[in-house]
Structures are given as structure tokens and as C-alpha cells.
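J.: The following block contains the structure, expressed as C-alpha cells.
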Amino acid sequence: MKVIVLSGSPKGDLSITLQYVNFIAKKFPQHSFQTYHIGEQINKIARDEKTFQKIMDDIQASDAVIWSFPIYAFVISSQFKRFIELIFEKRAKKYFKNKYTITLSTSLRFFDHTAHNYLQGICDDLDMRYWAAYSADMQDLMDEAQREKLLIFAEEFFQAAQNKLPTLKVYEPLVHSRFIYEPGAVKSKVDDRGKRILILTDLEDGKTNLGRMIERFRESFTGGTEVANINDIDIRGGCLGCAQCGFDNKCVYLGKDGFIEFNEKRFRTADAVVLAPVIKDRYYSWKWKQFYDRGFYNGHTPGLKGKQILHILSGPLRQLPNLRQMIVASSEIGRTNLVDIVTDESENSKLIDAVLQSSAERMMWFDERKYVRPPSFLYVGGHKIFRDLVWSARSIFQADYKYYRKNKMFDFPQKDKRANAFNKMMLSLMKDPAAKEEIRKMMKKEQVRPHLKVVATK
Numbered sequence: 002m003k004v005i006v007l008s009g010s011p012k013g014d015l016s017i018t019l020q021y022v023n024f025i026a027k028k029f030p031q032h033s034f035q036t037y038h039i040g041e042q043i044n045k046i047a048r049d050e051k052t053f054q055k056i057m058d059d060i061q062a063s064d065a066v067i068w069s070f071p072i073y074a075f076v077i078s079s080q081f082k083r084f085i086e087l088i089f090e091k092r093a094k095k096y097f098k099n100k101y102t103i104t105l106s107t108s109l110r111f112f113d114h115t116a117h118n119y120l121q122g123i124c125d126d127l128d129m130r131y132w133a134a135y136s137a138d139m140q141d142l143m144d145e146a147q148r149e150k151l152l153i154f155a156e157e158f159f160q161a162a163q164n165k166l167p168t169l170k171v172y173e174p175l176v177h178s179r180f181i182y183e184p185g186a187v188k189s190k191v192d193d194r195g196k197r198i199l200i201l202t203d204l205e206d207g208k209t210n211l212g213r214m215i216e217r218f219r220e221s222f223t224g225g226t227e228v229a230n231i232n233d234i235d236i237r238g239g240c241l242g243c244a245q246c247g248f249d250n251k252c253v254y255l256g257k258d259g260f261i262e263f264n265e266k267r268f269r270t271a272d273a274v275v276l277a278p279v280i281k282d283r284y285y286s287w288k289w290k291q292f293y294d295r296g297f298y299n300g301h302t303p304g305l306k307g308k309q310i311l312h313i314l315s316g317p318l319r320q321l322p323n324l325r326q327m328i329v330a331s332s333e334i335g336r337t338n339l340v341d342i343v344t345d346e347s348e349n350s351k352l353i354d355a356v357l358q359s360s361a362e363r364m365m366w367f368d369e370r371k372y373v374r375p376p377s378f379l380y381v382g383g384h385k386i387f388r389d390l391v392w393s394a395r396s397i398f399q400a401d402y403k404y405y406r407k408n409k410m411f412d413f414p415q416k417d418k419r420a421n422a423f424n425k426m427m428l429s430l431m432k433d434p435a436a437k438e439e440i441r442k443m444m445k446k447e448q449v450r451p452h453l454k455v456v457a458t459k
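Here the sequence shown is numbered in my numbering, starting from 2 and rising by one per residue.
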């Protein structure tokens with residue numbers, strides 16, 4: 002079979018993910034593999050029609066396609082995202098139709114599922130025959146048992162493609178509304194108390210629903226809110242995945258474009274932030290992703306910690322639960338307070354006005370009380386992954402390590418002296434079968450007893 006590999010890493014041949022594909026290719030010499038370094042060569046692909054068309058022609062002539070990529074902040078790199086947008090902009094969907102495909106990633110398994118969900122949705126949109134996802138840890142290739150799993154996965158995929166086994170789509174095509182939002186007049190202004198509220202967008206047309214929603218929200222305040230457009234920021238390129246910033250939070254782009262200055266002086270210094278990106282396919286635009294990825298020079302630290310965050314969106318968010326989960330997770334992991342996610346999906350201008358007004362009021366109310374809602378599994382799971390990474394790779398992520406130590410984020414359970422003492426006492430008591438049975442009977446009452454005491458006395 003002829004297999005086309007679409008590599009989303011900006012590191013080209015030095016991509017760790019690509020080594021997993023190369024290992025598969027070595028073990029299955031009966032198949033031919035053609036790799037395109039999409040992430041590394043995206044500027045040329047976007048600029049040169051012949052280069053883009055060559056990739057499309059090879060995909061059309063192939064038997065199978067492998068999407069190979071590292072996880073970049075919940076999804077894929079901005080470079081890879083730009084390629085996907087080019088496919089739809091150039092009406093190249095036909096080249097992918099009925100091609101058997103898999104997605105293969107490497108990461109710390111931090112929200113790898115949202116990245117694979119996204120790409121599976123794209124593959125469904127392209128009418129491909131999506132077979133399965135393989136999410137590897139960055140070090141799995143070093144382990145014999147993991148290499149065996151990888152080969153089993155690949156073998157099954159090749160058999161499926163050769164035998165043309167049936168596949169089912171998971172994601173329905175997106176249905177876009179034709180509703181036009183007509184904002185009403187603001188009847189009462191919200192006192193922003195001199196706080197600086199930054200609205201960040203990548204909007205290109207202010208006459209769209211999103212543009213009108215942004216303007217209606219701005220008018221809700223007594224003072225002026227600041228609007229910053231990503232398209233106006235001098236950003237020369239996407240994150241390169243080099244991890245050099247791990248030592249001291251210094252990006253290789255430092256002094257070469259305007260991103261870091263904007264991020265440090267306008268974005269991170271705002272008292273509250275409104276994020277209003279344009280939805281493109283099943284995520285945001287590649288420009289938005291580029292902005293997001295470039296923030297990695299701050300490592301695994303919460304750059305907007307404690308701030309109020311509001312999302313204003315126009316588009317089919319109800320049809321994109323994967324994107325909604327990324328929004329919530331991003332806020333929780335950043336230790337911000339997600340005030341709300343306001344969309345135009347109600348198709349009711351008065352209701353949208355009311356929700357925008359209410360969101361403005363709630364943003365200031367929460368800000369005054371410095372409120373950040375308690376985290377869910379999304380934060381707890383993500384924190385543990387980052388905590389363990391920073392600890393084990395502290396020679397590389399030195400800046401993160403200093404931050405984690407300073408903020409007591411190395412909360413390993415084996416260091417909990419109180420829990421250790423309690424468990425030692427209980428295990429000693431339960432060596433006696435009679436005592437163990439007595440403790441078993443007391444479980445329900447003893448678990449709730451301290452809570453009842455708080456309720457009764459506070």
C-alpha cells in the first residue's frame with residue numbers, strides 16, 4: 002500500500018512523533034511511506050500552489066493517510082491547523098474522500114483526547130474512513146512492550162485498509178445558522194471601577210454577529226474597554242516546540258516580533274479578559290492557535306491566575322462539545338474564573354443582549370470578591386500531569402520548577418504527613434479482626450461527622 006504521512010510537527014525530521022511512524026515503516030517494509038513535513042513547511046505550502054497541489058495529488062493516489070502530530074495545548078500546532086484550513090479554503094476535500102486514516106500523537110497525555118476528537122471530526126468532514134487513534138507518551142518508543150502495542154495498532158490498520166473494512170462516522174456535519182443578531186440599546190451601564198478589561202479577538206469583519214456582540218458588551222460598561230485584534234499583532238511564526246524557554250522563560254522569538262511585548266504589557270496585565278475568537282471548522286482559527294501556542298514560553302504556569310474570563314462566540318458551539326470542554330479546561334488549568342460562555346445560538350437578540358449585560362455585571366461582581374470557582378477533574382488531572390513533569394524534568398523546566406516550589410504546587414500525596422499518620426494508625430488498628438469489623442460499621446457516620454460539626458457551628 003501507499004501511505005501518506007502528514008506530519009504536523011514544526012521540527013521536521015527531528016519530530017519525536019515522526020519517529021513512531023518511522024518505526025512502523027521499518028517494521029512494515031511491504032508498504033511505501035511518503036512523509037510531508039506540513040508543520041515545518043507550512044509557509045511554503047500556503048504560498049506555493051504547486052506544493053500544495055502535489056500533496057493533494059499524492060493523497061488522492063494513496064491507500065491510507067496517517068496524521069502524525071505532537072499535542073500543542075489541547076489540540077494540534079497552529080502550523081498544522083493552518084494546513085487543515087487550507088484544505089477547506091481551496092476546496093480540496095475531494096482528495097481525501099474514502100481514504101483510510103488514523104491519527105497518531107505523542108504527548109504527556111495532557112488532553113490528548115481533545116486533539117484526537119478534533120482531528121476525527123475533521124476526517125469525518127473530509128469523508129475519510131477514520132479507523133482509530135493512537136496516543137503515545139513521548140518516551141513509549143523506548144519501551145519494548147509499548148513498541149509491541151504500536152505495531153499491533155499499525156498492523157490492524159493496514160489490514161483494515163487493505164480489506165476495506167467498514168467504518169462509521171462519529172461526528173455529524175456542522176450546521177451553521179443564518180441568524181443575524183441585532184443588538185439593542187444599553188439601558189444601564191456597569192461600573193467597571195477603573196478596571197482594565199481587555200477583549201481579545203481575531204475578527205476580520207466587525208459587521209458579523211461576533212463583531213456586534215463584542216460592541217454590545219463594550220457598551221455595557223461606564224469606562225472604555227480595550228479591544229485587541231490578534232491580526233494586528235506582529236507575530237512572525239508559531240511555537241517551534243524547541244522547549245528552550247524551559248530554562249528561563251525566554252522564547253527564541255524574543256526581540257524578533259511583537260508577541261511577547263503584547264503578552265506581557267497588555268494581555269497578562271489586564272484585570273479581566275474577554276476572549277472572542279472566530280470559530281473555524283471545529284476549533285478556532287490558526288491565527289488564534291498561533292497566539293495561544295506562543296504563550297508556552299511561560300511554561301506550565303498559570304499566566305492569568307485569579308482573573309475573570311468571559312468567552313463570546315458566534316457559531317455552532319452546541320455542536321462542538323469537544324471545544325466547550327477545552328474552553329472550560331483551559332480556564333480551570335489557568336486558575337481563572339470562567340464567568341460564562343456567551344453565544345448567538347439562541348437566535349434571540351433580546352436574550353443575547355440580556356446575557357451579555359448579565360455577564361458584564363457578573364464579571365465585576367466576581368472580580369470584586371476575587372472569586373475563582375472550585376476546580377473539577379479537568380484541573381486536578383491536568384495539574385497532576387504537569388506537577389509530575391516539572392518534578393521529573395526539572396533540569397529542563399527550571400523556571401517552572403522554581404514557580405512550583407514557590408507556590409507549593411508539588412503536592413505529592415506521599416508527602417501528606419497527616420494522611421500518613423492517620424493511615425498508619427488505622428492499619429495498625431485493623432490488624433484486629435474485631436476492631437476492623439467495628440470500624441466498618443462506623444464508616445458512614447464517621448465520614449460525615451466533621452462536616453456536620455461545621456454546619457452546626459458556623
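Just so it is clear, CB atoms sit at the ideal spot from N, CA and C, and this is done for glycine as well.
Please report how far the alpha carbon of Q54 lies from the alpha carbon of T36, in whole angstroms.
T.: 15 angstroms
J.: By DSSP, does R130 sit in helix, in strand, or in coil?
T.: strand
J.: Counting only the same chain and skipping the five closest in sequence on each side, list residues whose C-beta sits under 8 angstroms from that of K170.
T.: D125, Y131
J.: Extract the residue ranges of the beta strand (DSSP E) inside the region 26–67, only unbroken runs of 3 or more that lie entirely within it.
T.: 33–38
J.: Rounding to the nearest angstrom, what Cα-Cα distance links K288 and A74 in this structure?
T.: 14 angstroms
J.: Determine the DSSP secondary structure at F70, reduced to helix, strand or coil.
T.: strand
J.: Tell me which same chain residues have a C-beta within less than 6 angstroms of the C-beta of S63, skipping the five on either side of it?
T.: Around S63: K3, I5.
J.: Please report the Cβ distance between I198 and V275, rounded to the nearest whole angstrom; I am assuming they are in contact, meaning their Cβ atoms lie under 8 angstroms.
T.: 7 angstroms
J.: Straight-line CA distance for I88 to L127?
T.: 9 angstroms
J.: Nearest by alpha-carbon distance to D369: which of Y380, P278, K251, K308 is it?
T.: Note on residue identity: the sequence assigns Glu, not Asp, to residue 369. Out of Y380, P278, K251, K308, K308 has the C-alpha closest to the C-alpha of E369.
J.: Quick one: is P278 buried, meaning 16 or more other Cβ sit within 10 Å of its Cβ, or exposed?
T.: buried
J.: What is the rounded straight-line gap between the Cα of F158 and the Cα of I103?
T.: 8 angstroms
J.: When DSSP labels each residue in this structure, what does I236 get in the three-state scheme?
T.: coil
J.: Is D401 buried or exposed, if buried means 16 or more other CB atoms sit within 10 Å of its CB?
T.: buried
J.: Does I77 come out as helix, strand or coil in the three-state DSSP assignment?
T.: The DSSP-derived three-state label of I77 is coil.
J.: If you count every other CB in all the chains shown that lies within 10 Å of the CB of L352, and 16 or more means buried, which is it?
T.: So L352 counts as exposed.
J.: Would DSSP call S286 helix, strand or coil?
T.: In the structure shown, S286 sits in coil (DSSP, three-state: anything other than H, G, I, E or B).
J.: Hey, K190 and F222 are a contact pair by Cβ (cut 8 angstroms); roughly how many whole angstroms apart?
T.: 6 angstroms
J.: If you run the structure through DSSP and keep just helix, strand and coil, what is K3?
T.: strand
J.: What residue range does the alpha helix (DSSP H) around T458 cover?
T.: 434–458
J.: Using 8 angstroms for Cβ pairs, my map puts R83 next to A47. What's the rounded Cβ distance?
T.: 6 angstroms
J.: According to the neighbour-count rule (16 or more other Cβ atoms, all chains shown, within 10 Å of its Cβ), is Y298 buried or exposed?
T.: buried
J.: Roughly how many angstroms separate the alpha carbons of R92 and F398, rounded to a whole number?
T.: 42 angstroms
J.: Below 8 angstroms, how does it come out for the region 305–319 and the region 198–214: are there three or more Cβ pairs, yes or no?
T.: yes
J.: Rounded to whole angstroms, what's the CA-CA distance from I234 to G304? Just pull it up for me.
T.: 19 angstroms
J.: Could you give the residue range of the alpha helix (DSSP H) that holds A420?
T.: 418–430
J.: Taking one C-beta from the region 241–255 and one from the region 381–400 each time, how about it: are there three or more such pairs within less than 8 angstroms?
T.: yes
J.: What does a CB cutoff of less than 6 angstroms around I280 pick up in its chain, not counting 5 residues either side in sequence?
T.: G316
J.: Answer yes or no: the CB of S331 versus the heavy atoms of the ligand HEM, is any distance below 7 angstroms?
T.: This structure lacks the ligand HEM, and indeed carries no ligand of any kind.
J.: Quick check on the DSSP output: the alpha helix (DSSP H) that includes S359 runs from which residue to which?
T.: 350–370
J.: Quick one: give me the first and last residue of the beta strand (DSSP E) that Y101 is part of.
T.: 101–108
J.: With respect to the beta strand (DSSP E) encompassing N338, which residues constitute its N-terminal and C-terminal limits?
T.: 338–344
J.: Under DSSP, the beta strand (DSSP E) around E227 begins and ends at which residues?
T.: 227–230
J.: When you compare only the Cα positions, how much space is there between Q121 and Y172?
T.: 8 angstroms
J.: With DSSP as the reference, label T209 as helix, strand or coil.
T.: coil
J.: Please report the distance separating the alpha-carbon of Y21 from that of L151.
T.: Answer to the nearest angstrom: the Cα atoms are 8 angstroms apart.
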